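S.K.: According to mature numbering (1 follows the signal peptide of the UniProt record, and there is no 0), the sequence shown holds residues -28 to -1, 1 to 227 in order.
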Amino acid sequence: MGGGFSMGSTYFYLEFLLSWLFVLKASGYNNPAVFGIDYTLVPDSSFPTQLDEMVAGYAHVLSVAGDPSIVCVAGDSAGGTLVLSLLLHLARPQSVRKGRPLPGNSVHLDKPGMAVLISPWTNLQSPLHRNNSSDYLDTPALHRYAAQYAGSANWVADPLASPGECKDLGWWREATPSEGFFITYSKPEVFAPEIERLVRQLNKAGTLVSSHGEVAGVHAWPVARLFLSDTEDQRVEGLVRIVSEIRSRIQPSNR
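1. Checking 8 Å against the spacing of the C-beta atoms, do M(-22) and C44 come in under that value?
2. Using the Cα positions of residue 233 and S182, report the straight-line distance between them to the nearest angstrom.
3. Look at the alpha carbon of I155 and the alpha carbon of H184, and state the distance between them as a whole number of angstroms.
4. Could you give the residue range of the alpha helix (DSSP H) that holds H115?
5. Assuming the contact rule is C-beta atoms closer than 8 Å, Y108 and F(-24) should be a hit. Round their C-beta distance to whole Å, please.
6. Identify every residue that forms a DSSP beta bridge with C44.
7. Could you check if Q22 is buried or exposed, using at least 16 other CB atoms within 10 Å of its CB as the buried criterion?
8. Using CA atoms only, rank isn't needed, just tell me which of L60, D202, A164 and L198 is closest to H80.
9. Would you please state the rounded distance, in angstroms, between the beta carbons of S106 and V195? I believe it to be under 8 Å.
10. Based on the DSSP secondary-structure assignment, which residues constitute the bridge partners of G185?
11. Closest by CA to G136, which one among L(-5), E166, R116 and V6?
12. Can you tell which of N104, R197, T53 and V171 has the C-alpha that lies nearest to the C-alpha of V128?
13. Would you report the Cα separation of H51 and F199, rounded to the nearest angstrom?
14. Under 8 Å between the Cβ atoms of S49 and M26?
15. Between which two residues does the alpha helix (DSSP H) holding V215 run?
16. Quick one: Cα of D82 to Cα of A118, how far?
17. Could you spell out the range, first to last residue, of the alpha helix (DSSP H) harbouring W93?
18. To the nearest angstrom, report how far apart I9 and E186 are at their CA atoms.
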C-alpha cells in the first residue's frame, strides 16, 4: 500500500487487489489469496512501527500458507519501501546497531518465493528525485513525508528505513527471495533514476531480478491505469504483466 506513509488504506486498494485476484485465477491459480496490511500512517507513528507491522503480517501469511515458496510479497510506492525493508530485515534481523531498537520480530522467518515492486520508493530522500511535467509526484512533499516517516535524521539514510541506501551486495543476496524480484515502473516518473539504480545494484549482486519500464506512464501506473484506462484490457494490462512474471516463477498448484 502506497500513499507516502501518510495517506491511503487497504480500502482504497480494494478494487486493485480484487482485480489482481481475478487475474491470478484467470491465469490458472486455483485458490489464490491476497493479504493487505493496513499499516500505521504518520504522524500517528513513525519507523520502525511500520516494519514491525510488516513482520507481524508476513508471519501471519506464512502461518496460513505453510510454504514460503508460494508467497509473493508486493507493494507500490511506500509499500515497495516496506517490502524491501522487510526483506533486508529477514536477511539480517540482528543487523541493528547496539543502542538502537530492533525493528521487527527477531524470530527467524523464511524468505518468500518472490517480490513484486511497483514504482518502489527506494530511497527516502535523494538528489535524483526531481519534479517533471510527466509525473504527479512532488519532490519537496515526498522528502517532507520521508522525514516524518523516518522520525529522526539518523533513520533517513539507514538501509532498513531507506533500502536504496544499502550498498552491501552480500546483504542484498541474502535478502533476495528464492525466485527473485520483478520491478515495474514508469520511465518518466520521479522515482525512476533511483529505481534503475536499485536494479543495477541487484544485478551487480548477482540476484535474480527483472524489470519493466513503461515508456509513457506515471508513478504506480499499474494501479493508476485501473482507474484511468478506457477498456477492460487496458485497465488490467499492468496486472496481467505482473501475474505473467509471477506465474513464470511460482507455478500454480492444486492448493
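Cβ atoms here follow ideal geometry from the backbone N, Cα and C, with glycine treated the same way.
Here the structure is a predicted model, which means the values were calculated and not measured.
M.R.: Looking at the atomic coordinates:
1. no
2. Examination of residue 233 is not possible in this model, given that the chain is present from -28 through 227 alone.
3. Roughly 6 Å between the two C-alpha positions.
4. T111 to A122
5. Contact doesn't hold; Cβ gap of about 17 Å is too wide.
6. M86
7. buried
8. L60
9. With a contact defined as Cβ atoms closer than 8 Å, S106 and V195 miss out at about 17 Å.
10. Y157
11. The residue with the shortest Cα to Cα distance from G136 is E166.
12. T53
13. For clarity, residue 51 is Gly in the given sequence; the question names His instead. Their backbone Cα atoms lie some 19 Å apart in a straight line.
14. no
15. E209 to R221
16. Cα to Cα, the separation comes out at about 29 Å.
17. Taken as a continuous stretch (DSSP letters only), W93 belongs to no alpha helix (DSSP H), as it is neither H nor E.
18. 27 Å
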